[in-house]
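Worksheet: one structure, shown below.
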Amino acid sequence: MLNNNSQIEEAVNSRYGPRASRKPRRRLLPFLYLLPSALLLLVFMIIPIGYTFYLSFFNWNLIAPTKEFVGLANYVNVFTDPTNQKVILNTLVYIVLLVILNFILPYFISLIVNFFIGKMKGPYKILFFIPSLFSLVVGAMLFSWILNPVSGPLALFLRDFGMKVPQWTNSGAMAIVVICLITNWKVFGYNFILLLTGLGAVPKNILDAAALDGVPKWRVIWNIVLPLNRGVAIYVFILTIVQGLQYVFTPINVITQGGPYYGSSNLLYHTYLNAFVLYKTGNASALATVTFVIFLILLFIEIKFVEGRHKDAD
Amino acid sequence: MMNFRHGFKRLIGLLSIAGVALLFAGCSKSAATKTTHITYWHVNAETQGGASVNKLVKEFNKTHKHIKVTAKFNPNMYQGLMQNLQSAQASGKVPDIVQVGWAFTNYFSDNFKYMTPTDAAQKFDKSKRAITNNFSTQSLSFAKNAKGKLVGLPYSLSTPILFTNDSMLAKYGIKKSSLGTWEGVQAAAKTIKQKSGNYGLYIQEPADTWAQQAMMLSNGAQIKNAAGKAAFASAQGVKAYQLYQNMVLKDKTAIHTPWAQGMDDFTNGKVAMAFTTVAQASHIKQSVSFKASSQIAPTFKGNKLTVPVGGSMLALTSQDSAKQKAAWTFEKWLYKNDSLLTWDKGTGYLPPTKTALDSPQFKKYLAANPMIKPATEELANAVPWTSFPKNGLDAEQDMIDARDKILTGSNVSQTLKAAQEKINAQQ
């Protein structure tokens, strides 16, 4: 309630922007409002990241009272150790597969559902979304059973047709594909809904105008819809990489434990293995820092690339 | 004026909330002086004996008014428990009694604060031998660290045994008596493969090399020599692994797959034999639709049976004297024959004490569950699970890596030698 002139004045000030007469106390207020989130961010994000960076210069088993300073040795190890090199390469393979399965594929299907299918859009949304409600542990166990090459239902079914399920747990490449498929089962629906919603927001008058001009549908999608839906697409793309690499952790842990011989491991799982199985916090922190930097670079390249194209188009 | 009144009201409100909070805090403090609360960390999921942990804890709490035990399940077996204990120690809030897997004996004793059973007996029972008298010297040796100090008391014992699909063996004319040696197992697996196309053998492959170590030990190999150095890359060790590799890659009669899948393959009747822990007995009994049985672990021709013991010990991690006393009371109660039988029936483990092993109740239980019997017979040939004095967790990982490499085709001798050198460089 505004019950005196000064309060009315303040209300006007706050509504119409800053004035020279504003009191310093008022200027502090926004920071005060931000304080709770900033504190949470500081305690749970910034300090741990800083501490991880600090730990990456030491050898420490998480318990011993002394930490042995080793300089850059842990970083040298990240790039020279053959196991780490294998894990970095696997991570890149994971990224490529995840982008295909969890970004390009749902984008393609959401385009089909939005522009080429008239009916049943609702049921498609629900059907695709259902798996994302299940836990990944359940998914991993379910797929491990279904795809068991010797006694799983798929193997028994294929046997009737004289075919076999390969021993995918013995091959790093095949294990990576299966693990990505499990993640795809979980993530597909969510990404699909996001992309479909984005496509639904493309202004109808532009599409109608293009239809009146007789522009072919694929050109409408390529030249109008995709550029207009870029914001959502970038978001899903980033989510696919950053969240996808975290999501694959569960099936790796449940099914292969990174095996055979680190064949299905990735940077995140290997960091976990070093930190909480072998208790080599130094190595783990160096790996975590490298992963952090790789993510930053990926995001930077991606944004730069897309932003650059955006400016050209303008 | 109004602002002041508003602020005053708020202050009164806050003060009254604080007052009530203090009152409740006071209540809980006064209650705590009466009852000692302790936490027991275990690794038993609901289907792996978790129900018996809860039953035991409930019964103890009912009969002991001044002690309240809370059981906490730790996923991911002993490794998972160690990880949580790491974090607990870092945060300064440790549990009071924990299960420690044998492979972690040295790691645990080097890095955590604990009270030895001998000290606990001395302090609370005024008698050093009251509890240890109940164990055989051999079973106590499982719970000793590299310096020969008793870290905890053996609680769960298990040994690897050979489970067989008797229906399948009978169908293809394989005599069970031929499976006493690994050479016999290899020949039987070949017959199965030729006649049915099914796999002959699965050897468990969890995140440890316990079963593979049993194979090497039963060919007269050592995993660790008297000086505490890795010694498995000997001619005997290489020969044992070579047979395993041949079965997987050359004969294609043994299957190389993660543990859960391998056990599914056996219980679904697609693999004739499974070399795994006795703790799988109840799962196998419940899941198979064929006649299954078990027998003593095979040895290599001309060699004596030697198996590493699996399972865990109980260790006291309490730091507070009252809690230590309560935890010790609880621990002693867990070693009573009745409690041990509840535990062993629920988990499939073998009792660690002489009196429980010889008790008529356990004998009756064995008669009803003959698949467990070979494991109890193996106890006389059991040795402690190798726990390297330094960097033991790394050493176990190096042995897992070697297994992965060998089963995907690496040269056995070179791979074992490399793993041995890597482990010894860290000792």
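Quick mapping for you: the protein sequence lines, in order, are chains A and B. Just add 156 to wherever you are in the first sequence, counting from 1, and you've got my numbering. Just add 8 to wherever you are in the second sequence, counting from 1, and you've got my numbering. Even for Gly, the Cβ is constructed at its ideal location relative to N, Cα and C.
{"Asked": "Could you tell me whether the Cβ of threonine 265 of chain B comes closer than 8 Å to any Cβ of chain A?", "Found": "yes"}
{"Asked": "Please determine whether the Cβ atom of proline 397 of chain B lies at a distance below 7 Å from any heavy atom of the ligand NAP.", "Found": "The ligand NAP is absent from the structure shown, which contains no ligand whatsoever."}
{"Asked": "Let me make sure I understand the geometry here. Which of A:Ala440, A:Val433, A:Glu458 and A:Lys460 has the alpha-carbon closest to that of leucine 89 of chain B?", "Found": "A:Val433"}
{"Asked": "When you compare only the Cα positions, how much space is there between valine 398 of chain A and lysine 430 of chain B?", "Found": "35 Å"}
{"Asked": "Out of B:Trp190, B:Ala427, B:Leu348 and B:Gly354, point me to the one whose CA is closest to methionine 255 of chain B's CA.", "Found": "B:Trp190"}
{"Asked": "Check whether the stretch 242–259 of chain A touches the stretch 415–424 of chain A, counting contact only when three or more Cβ pairs, one atom from each stretch, lie closer than 8 Å.", "Found": "yes"}
{"Asked": "Is threonine 236 of chain A close to chain B? Criterion is C-beta to C-beta, closer than 8 Å.", "Found": "no"}
{"Asked": "Roughly how many angstroms lie between the CA atoms of serine 288 of chain A and isoleucine 273 of chain A, to the nearest whole one?", "Found": "23 Å"}
{"Asked": "Check proline 162 of chain B in the structure and name its three-state DSSP category.", "Found": "strand"}
{"Asked": "Taking beta-carbon pairs under 7 Å, can you tell me which members of the stretch 415–427 of chain B lie near chain A?", "Found": "Thr416"}
{"Asked": "For leucine 303 of chain A and lysine 320 of chain A, I'd like the C-alpha separation in whole angstroms.", "Found": "11 Å"}
{"Asked": "Counting only runs of 4+ residues fully inside the stretch 345–427 of chain B, write out the alpha helix (DSSP H) ranges in chain order.", "Found": "345–355, 362–366, 368–376, 381–386 and 400–415"}
{"Asked": "Measuring alpha carbon to alpha carbon, tell me which residue in B:Lys42, B:Ser60, B:Val65 and B:Gln56 is nearest tyrosine 48 of chain B.", "Found": "B:Val65"}
{"Asked": "Counting only the same chain and skipping the five closest in sequence on each side, list residues whose C-beta sits under 8 Å from that of serine 136 of chain B.", "Found": "Serine is not the amino acid found at residue 136 of chain B; the sequence shown has lysine there. Cβ within range, chain order: Thr126, Ala129 and Gln130."}
{"Asked": "Based on the DSSP output, what are the partners of isoleucine 453 of chain A in its beta bridges?", "Found": "None; isoleucine 453 of chain A has no bridge partner."}
{"Asked": "Is alanine 197 of chain B helix, strand or coil by DSSP?", "Found": "helix"}
{"Asked": "Which whole-angstrom value is the C-beta distance of glycine 471 of chain A and asparagine 270 of chain A, which I expect to be below 8 Å?", "Found": "Since the first residue of chain A shown is 157 and the last is 470, residue 471 of chain A is not available in this structure."}
{"Asked": "Are the C-beta atoms of serine 300 of chain A and some chain B residue less than 8 Å apart?", "Found": "yes"}
{"Asked": "What's the call for leucine 30 of chain B, buried or exposed, on a 16-neighbour Cβ count within 10 Å?", "Found": "Because leucine 30 of chain B sits at a pLDDT of 44, beneath the cut-off of 50, its placement in the model cannot be relied upon, and the following sentence gives the value as read from the coordinates. That one is exposed."}
{"Asked": "Write down the C-beta distance between aspartate 104 of chain B and serine 326 of chain B rounded to the nearest angstrom, noting that I regard them as a contact closer than 8 Å.", "Found": "4 Å"}
{"Asked": "Going by C-alpha distance, which of A:Asn385, A:Ile335, A:Ser212 and A:Thr208 is nearest tyrosine 250 of chain A?", "Found": "A:Ile335"}
{"Asked": "Need the endpoints of the beta strand (DSSP E) that phenylalanine 283 of chain B sits in, please.", "Found": "279–285"}
{"Asked": "Which residues share a DSSP beta bridge with phenylalanine 225 of chain A?", "Found": "A:Phe214"}
{"Asked": "Tell me, please, which residues DSSP counts as bridged to leucine 170 of chain B.", "Found": "B:Phe283 and B:Gln303"}
{"Asked": "Check each residue of the stretch 207–233 of chain B: if its Cβ is closer than 8 Å to any Cβ of chain A, include it; give the result in chain order.", "Found": "Tyr207 and Ala215"}
{"Asked": "Let me see if you follow: with CB-CB separation under 8 Å, is asparagine 276 of chain B close to chain A or not?", "Found": "yes"}
{"Asked": "Using a Cβ cut-off of 7 Å, which residues of the stretch 85–102 of chain B contact any Cβ in chain A, in chain order?", "Found": "Gln87, Gln91, Gln94, Gln97 and Ala98"}
{"Asked": "Scan the stretch 115–133 of chain B for residues whose Cβ lies nearer than 8 Å to a Cβ of chain A and list them as they occur along the chain.", "Found": "Asn119 and Phe120"}
{"Asked": "DSSP has isoleucine 211 of chain B in a bridge; who is on the other side?", "Found": "B:Phe283"}
{"Asked": "Just the C-alpha distance for asparagine 217 of chain A and lysine 309 of chain B, rounded to the nearest angstrom, thanks.", "Found": "43 Å"}
{"Asked": "Under 8 Å, with one C-beta from each stretch per pair, do the stretch 364–384 of chain A and the stretch 333–353 of chain A reach the 3-pair mark?", "Found": "no"}
{"Asked": "Use the C-beta contact count for isoleucine 411 of chain A: other C-beta atoms within 10 angstroms, 16 or more gives buried, fewer gives exposed.", "Found": "buried"}
{"Asked": "I'd like to know whether the C-beta atoms of glutamine 435 of chain B and lysine 381 of chain B end up nearer to each other than 8 Å.", "Found": "no"}
{"Asked": "Could you check the C-alpha separation between lysine 232 of chain B and proline 162 of chain B for me, to the nearest Å?", "Found": "21 Å"}
{"Asked": "Would serine 226 of chain B pass as a contact of threonine 314 of chain B if the rule is Cβ separation under 8 Å?", "Found": "yes"}
{"Asked": "Shortest alpha-carbon distance to leucine 165 of chain B belongs to which of B:Ala154, B:Thr172, B:Lys157 and B:Gln146?", "Found": "B:Gln146"}
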